[in-house]
Every structure is written in structure tokens, then in C-alpha cells.
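Heads up: the sequence shown at position 21 corresponds to 21 in full-length UniProt numbering, and the numbers run straight through without jumps. We put the CB at the ideal spot given by N, CA and C, even for glycine. Predicted, not measured: the structure shown is a model, and the values here were computed from it. Accompanying notes for the structure given below.
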Amino acid sequence: MTLATVIDGKVAAASVIGAVKSAAAGLEAETGVKTGLAVVIVGDDPASHAYVNSKSKMAKECGFNSVQHTLPAETTQEALADLVQSLNEDPSIHGILVQLPLPKHLDSDAIIQSIRPDKDVDGLHVVNAGKLATGDLATGLISCTPAGAMLLVRSIHGEDLSGLNAAVIGRSNLFGKPMAQLLLNANATVTTA
């Protein structure tokens, strides 16, 4: 019988927050540029707004310039695409996060694919997903939730997960698929359900 291991996520989170604060401060000291994050939310879903506010608060705590763009639910595809394009071109913005889901009349995939891969905070652009799928973890961006989950797994099992059997529940592009791929890249045997 295998005993369960309790993982203290707060300790791991504090470590990551400290590292991000340090990296952001280092970039600002070296270049004079403050890390810029743009968060885009469309509509008035209370859960999405709470989540976005939490992200913005954490970004500011880490020393980022966090800019939130709140658009009405009736925003057109063209207006949203224009905003993303302007953020792509803005040198003060280093990361773009479009809060999903978008209202049904908007083409989420077209919007996500219009984000420059090097500014795609969620790692959903096909360039970043492809890099993850081919094991290129050095140059692609990876969604924060599976990346954080991997930190927790590795805190218990180490870097090489050979021999570890892992089950990933769900196949979403935001968590399930990248989590399974990260586990595979670390030599785990992965089952998705």
C-alpha cells in the first residue's frame, strides 16, 4: 500500500513568487524597464473577473506593471483583435493574457493565435504548444498551472520521473494537455482520462 504525501503548496508558491520578484527586479535594474503584463477580459462573468483581479494583484506584488483591459460582452471580433494587435506592438507589454472563455460570438482560437508567441502568457499559441510537444522547454512559454503542478511533483519525486505512473484528469489546452506533455518530457508514464 502506498502512503499519500501531503505537498505544501504555500511553501512552493512563496519560492516561485520570490524568484519572479527577483527576476523582475533584476530586469528593471539592468534595463530600466518594468515587466509589463496586459490582461484582457471580455464580458461580466463574476468568476472570470475575480480570477483576473487575483492575477493582476499577484503581478503587481511581483513588481510588474499590470494593465487590465475590460471590454463589454458585445465587443466585436475586430475590436478585440485590434486590441491584441496593439498590445503585440507595445514594447512596454511583455506578456498578454486573454481571459477565457470569451463570449460565444467571439472566435477564441483566432484571438489566441493572434497573440505573439513570445507574449503568450498562457502558452496556448500553436508555436508554444508545438515547442512543448517536441520537448523544447527552454524557448516556449508554458501555462502557469501545469508548470506549477510540475514544480510540486518534482519537489516530491525529483527531476527525472522515470517509473512514475501519472494520471491527468482532463484534456484541456490550458491544463490537461500541457500537464501530460510536461510529465512525458520528464519520463513519466502518463494516462489521461
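Does DSSP put residue i in a helix, a strand or coil?
i	result
H157	helix
H69	strand
D136	coil
G95	strand
V33	coil
V11	helix
T192	strand
Would you kindly report the start and end of the unbroken beta strand (DSSP E) that includes residue i?
i	result
L37	36–42
A166	165–168
Using the beta-carbon count (16 or more within 10 Å), is residue i buried or exposed?
i	result
Q99	buried
I169	exposed
N128	buried
Since residue i is in the alpha helix (DSSP H), which residue starts that stretch and which ends it?
i	result
V52	46–61
V84	77–89
D109	108–114
K177	176–185
Since residue i sits in a beta bridge, which residues does DSSP pair it with?
i	result
D120	I96
- Message: Whether or not the segment 56–63 and the segment 110–128 are in contact is what I'm after, with contact meaning three or more pairs of Cβ atoms, one per stretch, closer than 8 angstroms; do they touch?
- Response: no
- How about the segment 144–153 and the segment 174–183: do they share at least three Cβ pairs that are nearer than 8 angstroms? yes
- Message: Count Cβ pairs between the segment 75–93 and the segment 137–151 that sit closer than 8 angstroms; are there 3 or more?
- Response: no
- the segment 37–45 contacting the segment 68–77, beta-carbon criterion three pairs below 8 angstroms: yes
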